[in-house]
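Chains as they are written, first to last, in our numbering: chain A, 299 to 650; chain B, 299 to 650; chain C, 299 to 650; chain D, 299 to 650.
Heads up: the structure comes next, in structure tokens.
Protein chains: 4
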Amino acid sequence: MIKAGIIGSTGYAGAELVRLLLQHPEAEIVWYGSKSYVDQKYADVYRNMFELVDEKCMNDNMDELSERADVIFTATPQGLCASLINERILERSKVIDLSADFRLKRVGVYEEWYHRTHEAPEYLPEAVYGLCEINRESIAAARIIANPGCYTTTSILTLYPLVKEGLIDPDTIIIDAKSGTSGAGRGTKLPNLYCEVNESIKPYGVATHRHTPEIEEQLSYAAGMDYMSGDSIKVNFTPHLVPMNRGILATCYASLRDGADAGAVGEAYSKYYKEEYFIRLLGEGSFPETRWVEGSNFVDIGYTVDTRTGRVIAAGALDNLVKGAAGQAVQNMNISFGLPENTGLKLVPVFP
Amino acid sequence: MIKAGIIGSTGYAGAELVRLLLQHPEAEIVWYGSKSYVDQKYADVYRNMFELVDEKCMNDNMDELSERADVIFTATPQGLCASLINERILERSKVIDLSADFRLKRVGVYEEWYHRTHEAPEYLPEAVYGLCEINRESIAAARIIANPGCYTTTSILTLYPLVKEGLIDPDTIIIDAKSGTSGAGRGTKLPNLYCEVNESIKPYGVATHRHTPEIEEQLSYAAGMDYMSGDSIKVNFTPHLVPMNRGILATCYASLRDGADAGAVGEAYSKYYKEEYFIRLLGEGSFPETRWVEGSNFVDIGYTVDTRTGRVIAAGALDNLVKGAAGQAVQNMNISFGLPENTGLKLVPVFP
Amino acid sequence: MIKAGIIGSTGYAGAELVRLLLQHPEAEIVWYGSKSYVDQKYADVYRNMFELVDEKCMNDNMDELSERADVIFTATPQGLCASLINERILERSKVIDLSADFRLKRVGVYEEWYHRTHEAPEYLPEAVYGLCEINRESIAAARIIANPGCYTTTSILTLYPLVKEGLIDPDTIIIDAKSGTSGAGRGTKLPNLYCEVNESIKPYGVATHRHTPEIEEQLSYAAGMDYMSGDSIKVNFTPHLVPMNRGILATCYASLRDGADAGAVGEAYSKYYKEEYFIRLLGEGSFPETRWVEGSNFVDIGYTVDTRTGRVIAAGALDNLVKGAAGQAVQNMNISFGLPENTGLKLVPVFP
Amino acid sequence: MIKAGIIGSTGYAGAELVRLLLQHPEAEIVWYGSKSYVDQKYADVYRNMFELVDEKCMNDNMDELSERADVIFTATPQGLCASLINERILERSKVIDLSADFRLKRVGVYEEWYHRTHEAPEYLPEAVYGLCEINRESIAAARIIANPGCYTTTSILTLYPLVKEGLIDPDTIIIDAKSGTSGAGRGTKLPNLYCEVNESIKPYGVATHRHTPEIEEQLSYAAGMDYMSGDSIKVNFTPHLVPMNRGILATCYASLRDGADAGAVGEAYSKYYKEEYFIRLLGEGSFPETRWVEGSNFVDIGYTVDTRTGRVIAAGALDNLVKGAAGQAVQNMNISFGLPENTGLKLVPVFP
């Protein structure tokens, strides 16, 4: 059994980790970290866990935790993981960080978009971006896995084959994304109140959202650009808040390069994803809906080519708390520990 | 492996059966029955099943089905199961009927509340009311299991210990129940439209809802009344439609008998449910919320005693599609086939 | 033009007062009070008011406000109005208090249920309970109008004719109420977050909710009891939180007295409400739904008599922010200033 | 008083017309047309109208209606208005058609996108596209006003100043739009059911939605193109279904032309909309949310310029049933009859 510790287990992503790990046949949770609820019963914070979890919440002492755990998940705000990580911890435990601390290779980009100093830039080179379907092999060998963001997982997986195969002009990429409200976290802020979110849709972080550079970096690699030297694709990424609990949909637009057509697009998706358990290709003209993936680790992808405008419109949908956070983290754990990738993750989507 | 067939697999309860059985380690689905979608791919009707279910929908030929299946689930409108059932089928397969056809022992009561003639009254005596926690032993031996209604499971389980122990005056029982919209089924009727349900709550079937006699019959047994001779508790049961997908909450009121107090109420719940895996007793003053059981087979129960009025207010919550329908059906199957009762049903509630 | 000042204009009830008064032909708002947002533009707090309200938020200086306003609405937490009110203010302005400070005539009852000392008990005798349809005449003459609570308006109006006419046994009254989430206010508390409220229903404040004594007091008057001497009806009142923005539904149960039947119930409703503009009698067997009153000042009432149990089940529905708060406050203002009662309140319900 | 008749008064747009006209000081409804509900009381179909509307539903005899009405609103499926209209009707009544029959000047484009033959192409030349802020003067003189679609009103108003002033490259326009579910109408179709829409978001009609040519035509005029000869802007327009009742948000992307910057964009909006009562300019960096316009005839518009990509991102929000349908229809009526444009339309947005 893999011993797993969670720092930040009372946020929505942390709680989803708890749900998934409780149902994982090869893992057990040994540490329910939550600075805000130390010494309170976990099941009093999340009553769905009543009679399923007896433990109390622990602090975020990552050092002590590393003595007990084979893997540490940090489902915490930006900066925490980078401030705590050290060599001793990494000698004992794998670290899967759900924050952005180790997602961006260029520290300057991190500091520009996150408005904070990076406290452990020395670990950036070895950290592996944990987008399982793309980086599977490096993940297996990594000590630090930077679990991708929810918007980014959706966006990158939707666009990756098209960029990789050179079918689209990367300068024309526009990603219009929509997320359920659990993505905003469990913080008690006015904009998260029921009556403020319900019966409304809004864009936010337009042209400034922090998932932008993460998408740009990964797509730049796919395009074969020398990202570390400063070359980069630039995209427009616009997130929207949708009145629903879970789900992300990324509607992506790009101009096709000369000669690229619907057939080529379909082949590109097949080439990279046909064998992927968690990626379901809906085919041309069939588009994903978030309801069909809720509660599961699937990503559904569909597309169409508009010959009138010469653009491909492709869309991906996933559950932001599963494939967009905790599910992918568990998938990374599986890879890291040599388990079949879908161990504990064969969750059938819950509908309605 | 238990071979399971489902008639009515494209209704919401049928689809939930599919979800649960796909994740059941000892069962496999051999028949996706759906008269409306014969020969269409099941995954085209429920796209959450894309790449998970390859089969096409079949008709409702229960005879043929019984040759292939060890157990037949009928998740169909009232009357269908009674019209098809026969000795040959029962010799080959267990039948778990999710409709009301075999729930009420007195055929006259059925015909009065359901406004239809019962087509197989000869099977009423042997059919067992499949409320697992109460009738476990008879279920194990039954050929026909009448899977309880969603409202009734919630209401009966909430009130059973109080009636059984004689703590409340059964003539004072009032059940005010609230259900998510999946309980209304997948029929394309005006009142089920999004804009008609959303942002509203309404009572319906006031004093006439068909789950009333089902509750009355079972509680009459608990009270030791001679129900078959016409003695019966009479309750007021008022269902309400709530703008959410899943979940039932039953808020129950009754006057305590002399001498009964909060302590006695707590003891009664403990006596009957302490060892039950699927019933979670929240204790005095702590009330259930449907979000904490969503996606799982749990029933959460809480209560308080109002000494000002001499009443107990007890409430139960469950997921109407799981413990209120498909989950309980699988639990019945488990009992029927001698499996541990929670096989394939240790589902952690999904939140948010 | 009536000059109106609002203290607490940035809560949901206060904001609804702004919406209604902006559309009122005989009133203008002269003070947008909001301690939390002093000096901020009101339209920055409520962007629906962009280009409709230019004013900034003011403090809660009721003394200064009374120099400018003919009527002061206090849409503030319990205690504030009682702590500020004085003779000088009352000489200049009418006060319509949307908090509970002046709703309960017996100070001991207030202090018991609200767990606070009343700071202005000397004004309790003259304050008039502003349930317009019942107390119209005293309201016209009052200096202090205690605007009723949302649950209480619904519950009392639904039960009043039955109690007044002696058709029901008041000891058997049970009120099971359901409210939209705006009733919980705009406070940034965890239970008010979108993901905590959405897809769930829960009871709360069971047997302890503060609207209970308010209902009991008014129904005791209707029953002709000597409430001030300690006689009182006792009811069970259970509120539930529903995932919707607006709306309250109160489902009420009571045993009919001997001789009372559906006809008598219908006549009682007609007798008291037939001429009321804001009360719409749906008739026997027809039940209200909150969607049909949203955005309006209407109360819809329906009922049925269950001859099996000898009970009447009656239900009332209203918009908690309109007839349950701001709308009734404006109706009280109209009465107070001798205007036709529905001036500025002929709002057609918004659906869907 | 303007006598108004409505054909199709029981659809959501028709019902909103009823709501608005009931509150209009200069209009009265003389005909509640609804083929499906002939002879049924209108208030039985829409119970929010209980005691507000006494009339029964009428058929769609437009000839007879024109004898009674000064203005006829057709809120009906495509084709009905074109099939009924004739010279006699137009001599007696103005016609404001909420369907697409008279929105597209080129009959071939209509027939291509709507897959039907146009039955009255002879009236296309005189029909005026009723986008009030743009075509005010021609509307005043028109006999047939083609009321714009909901998506199109949002999209065109958001982009018009930028195209008109030549600030953007029209070949780069991408419109990603999101709509509440009332836009799907009151038809009893599976995809409109509560449980199918709730907790999900989906794109639909990708690259094929019928509002596309309507947007292209109007923006082509703005760009000074010879649309009738076949010149046309081509846009990508992708609608999405959002789990909410009302509201449309259109997020629009386009590349700025050389020299165009945020200042120029702001000036363009000011130039065309500063004096418009119903258009509220939020300014640079401030984006609209549908909740702030709900129930009103406002369009809120905001934008930002992303200098990294050289694109402007602009978004517009409105209530699809008001400014997107019935409200704009009434605004057209006001223009047509020489009333101040906002007569009966100074509706304060309802929040929450």
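For each residue, glycine too, the CB sits at the ideal point set by N, CA and C.
These figures come from a predicted structure and were not determined experimentally.
Item to check | Residue environment, ARG578 (chain B), which counts as buried when at least 16 other CB atoms sit within 10 Å | outcome: buried
Checklist entry - Going along chain B in order, which residues have a C-beta closer than 7 Å to the C-beta of ARG434 (chain D)? => result Here the premise fails: no neighbours, minimum Cβ distance about 32 Å.
Item to check | Proximity test, Cβ basis, 8 Å: MET523 (chain C) and chain B | outcome: no
Next on the checklist: Quick check on this structure: which residue in B:CYS355, B:PHE649, B:PRO647 and B:GLY625 has the alpha carbon closest to the alpha carbon of HIS322 (chain B)?
Outcome noted: B:GLY625
Checklist entry - Out of curiosity, what's the CA-to-CA distance linking ASN357 (chain D) and PRO541 (chain B)? => result 34 Å
Checklist entry - Quick one: complete beta strand (DSSP E) runs, 3+ long, within the stretch 326 to 392 of chain B? => result 369 to 372
Next on the checklist: So that I know if they touch, is there some Cβ in chain B lying closer than 8 Å to that of ARG317 (chain C)?
Outcome noted: no
Checklist entry - Can you find a CB in chain A that lies within less than 8 Å of the CB of ASN534 (chain D)? => result yes
Item to check | Residues of its chain near ALA612 (chain A), where Cβ-Cβ distance is below 6 Å and the 5 sequence neighbours each way are ignored | outcome: THR456, CYS550 and TYR601
Item to check | Proximal residues to HIS538 (chain B) (C-beta, below 8 Å), its chain only, five neighbours per side dropped | outcome: ASP474, ALA475, LYS476, SER477, ILE499, LYS500, PRO501 and TYR502
Checklist entry - Mind listing which residues of the stretch 535 to 555 of chain D have their C-beta closer than 8 Å to chain A's C-betas, in chain order? => result THR536, HIS538, VAL540, PRO541, MET542, ASN543, ARG544, GLY545, LEU547, THR549 and TYR551
Checklist entry - Going along the chain, which residues of the stretch 483 to 499 of chain C sit with their C-beta nearer than 8 Å to a C-beta in chain A? => result ARG484, THR486, LYS487, LEU488, ASN490, LEU491, TYR492, CYS493, GLU494, VAL495, ASN496 and GLU497
Checklist entry - For THR588 (chain A), which option in A:GLY608, A:ILE546, A:LYS487 and A:PRO423 has the closest C-alpha, if you only look at C-alpha atoms? => result A:ILE546
Checklist entry - Got a sec: is the Cβ-Cβ distance from ASN346 (chain D) to anything in chain C below 8 Å? => result yes
Item to check | Segments assigned alpha helix (DSSP H), at least 4 residues, entirely inside the stretch 528 to 572 of chain D | outcome: 560 to 571
Checklist entry - Taking Cβ-Cβ distances shorter than 7 Å, what residues in chain C pair up with THR479 (chain A)? => result TYR492 and CYS493
Checklist entry - What do you reckon, are the CB atoms on ALA367 (chain C) and VAL328 (chain C) nearer than 8 Å? => result yes
Checklist entry - So, ALA548 (chain C) versus LEU396 (chain C), is the Cβ gap smaller than 8 Å? => result no
Checklist entry - So, GLY622 (chain B) versus THR451 (chain B), is the Cβ gap smaller than 8 Å? => result yes
Checklist entry - What distance in whole Å lies between the Cβ atoms of ARG555 (chain D) and ILE466 (chain D), which are believed to be in contact at a cut-off of 8 Å? => result 6 Å
Checklist entry - Is the CB of VAL648 (chain D) under 8 Å away from at least one CB in chain C? => result yes
Next on the checklist: Just checking: is the beta-carbon of TYR310 (chain C) within a distance shorter than 8 Å of some beta-carbon in chain A?
Outcome noted: yes
Checklist entry - Mind checking whether GLY377 (chain C) and ASP399 (chain C) have CB atoms under 8 Å apart? => result yes
Checklist entry - Does the stretch 346 to 357 of chain B come close enough to the stretch 643 to 650 of chain A to have 3 or more Cβ pairs within less than 8 Å? => result yes
Next on the checklist: Let me check understanding here. Comparing Cα to Cα, which of B:SER332, B:LYS354 and B:SER334 lies closest to ALA341 (chain B)?
Outcome noted: B:LYS354
Item to check | For ALA440 (chain A), the three-state DSSP class (helix, strand or coil) | outcome: coil
Checklist entry - So, are the CB atoms of GLU512 (chain C) and SER530 (chain C) less than 8 Å apart? => result no
Next on the checklist: At the 8 Å Cβ level, is PRO323 (chain A) part of the contact set with chain D, yes or no?
Outcome noted: no
Checklist entry - Using a beta-carbon distance below 8 Å, is SER528 (chain C) in contact with chain D? => result Just to set this straight, residue 528 (chain C) is Gly in the shown sequence, not Ser. Not an interface residue.
Checklist entry - Beta-carbon separation of ASN496 (chain C) and TYR492 (chain A) under 8 Å? => result yes
Item to check | Rounded C-alpha distance that separates ALA302 (chain C) from ALA566 (chain C) | outcome: 37 Å
Checklist entry - What do you reckon, are the CB atoms on ARG672 (chain D) and ASN618 (chain D) nearer than 8 Å? => result The first residue shown for chain D is 299 and the last is 650, placing residue 672 (chain D) beyond what the model contains.
Item to check | Whole-angstrom distance between ASP598 (chain A) and TYR571 (chain A), CA atom to CA atom | outcome: 11 Å
Next on the checklist: Using 8 Å for Cβ pairs, my map puts GLY593 (chain D) next to GLY593 (chain C). What's the rounded Cβ distance?
Outcome noted: 7 Å
Next on the checklist: If I follow the unbroken alpha helix (DSSP H) through THR452 (chain C), where does it start and stop?
Outcome noted: 448 to 462
Item to check | Residue of B:GLN338, B:ALA425 and B:GLU639 minimising C-alpha distance to ASP352 (chain B) | outcome: B:GLN338
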